[in-house]
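Chemist: Please find one structure pasted underneath; my questions will follow.
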Amino acid sequence: MPHHARWHAMTGVFMKPNVLMVEDEAYLAMALEDLLTDAGYHVLGAARLSDALDIADHEHVDVALLDINLQGEAVYPLANRLRESGVPFAFASAYSKDTIPRDFRDCELVRKPYTSERIIEAVESMVERARPH
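Those letters in the sequence shown? Residues 614 to 746, by this note's numbering.
Here it is in structure tokens:
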């Protein structure tokens, strides 16, 4: 049983944490989904900002990994919504910290190109922060 699974009292089963993965490059999105699924997470994927906002509004999201630039649209409206909801998130982008708006410079940034280990480390850290204590 993955150490990050959570108990669902209604069904009496362990649930995999839901990771909202927002990435518009298809090959990278597929690789990330495989990586996170193999690591024991349930992936909610979106390539467009509108789809990601819809998922955030209608699905249970434990943590999120966000590409900053989605086909020319900035992901910051989603980041604001996640922050307001208390959902931990990290940016996964080639952008540097100094190009990120000041309001988000305290957020974790996983710089592209990244390793599988770095992604798992970031997600595990967010899941740990999301756990009720």
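Beta carbons are placed, not taken as given, at the ideal position from N, Cα and C, and that holds for glycine.
#1: Is it the case that the Cβ atoms of V674 and V635 are separated by a distance below 8 Å?
#2: Quick one: Cα of L666 to Cα of N631, how far?
#3: Under DSSP, the beta strand (DSSP E) around R724 begins and ends at which residues?
#4: V736 lies in the alpha helix (DSSP H); which residues open and close that run?
#5: Identify whether E686 lies in helix, strand or coil by the three-state DSSP scheme.
#6: What three-state label does DSSP hand A707 in the structure shown?
#7: Mind the definition here: the stretch 640-653 touches the stretch 727-735 only if three or more C-beta pairs lie below 8 Å; say whether that holds.
#8: State the start and end residues of the unbroken alpha helix (DSSP H) segment that holds H671.
Modeler: Working from what's here:
#1: To locate residue 674, count along the sequence shown from 1; it is residue 61. To locate residue 635, count along the sequence shown from 1; it is residue 22. Result no, Cβ atoms of V674 and V635 do not sit closer than 8 Å.
#2: Residue 666 sits at position 53 when you count from the first residue of the sequence shown. Residue 631 sits at position 18 when you count from the first residue of the sequence shown. Taking the straight line from one Cα to the other gives about 15 Å.
#3: Against the sequence shown, residue 724 aligns to sequence position 111. Its beta strand (DSSP E) spans residues 721-724.
#4: For the purposes of this step, residue 736 is taken as the residue at position 123 of the sequence shown. Per DSSP, V736 belongs to the alpha helix (DSSP H) from 729-743.
#5: In the sequence shown, counting from the first residue as 1, residue 686 sits at position 73. In the structure shown, E686 adopts extended strand secondary structure according to DSSP, grouped into three states.
#6: Within the sequence shown, numbered from 1, the residue matching residue 707 stands at position 94. Reduced to three states, the DSSP call for A707 is coil.
#7: Judged by Cβ distances under 8 Å, the stretch 640-653 makes contact with the stretch 727-735, as three or more pairs qualify.
#8: Within the sequence shown, numbered from 1, the residue matching residue 671 stands at position 58. That run of the alpha helix (DSSP H) goes 662-671.
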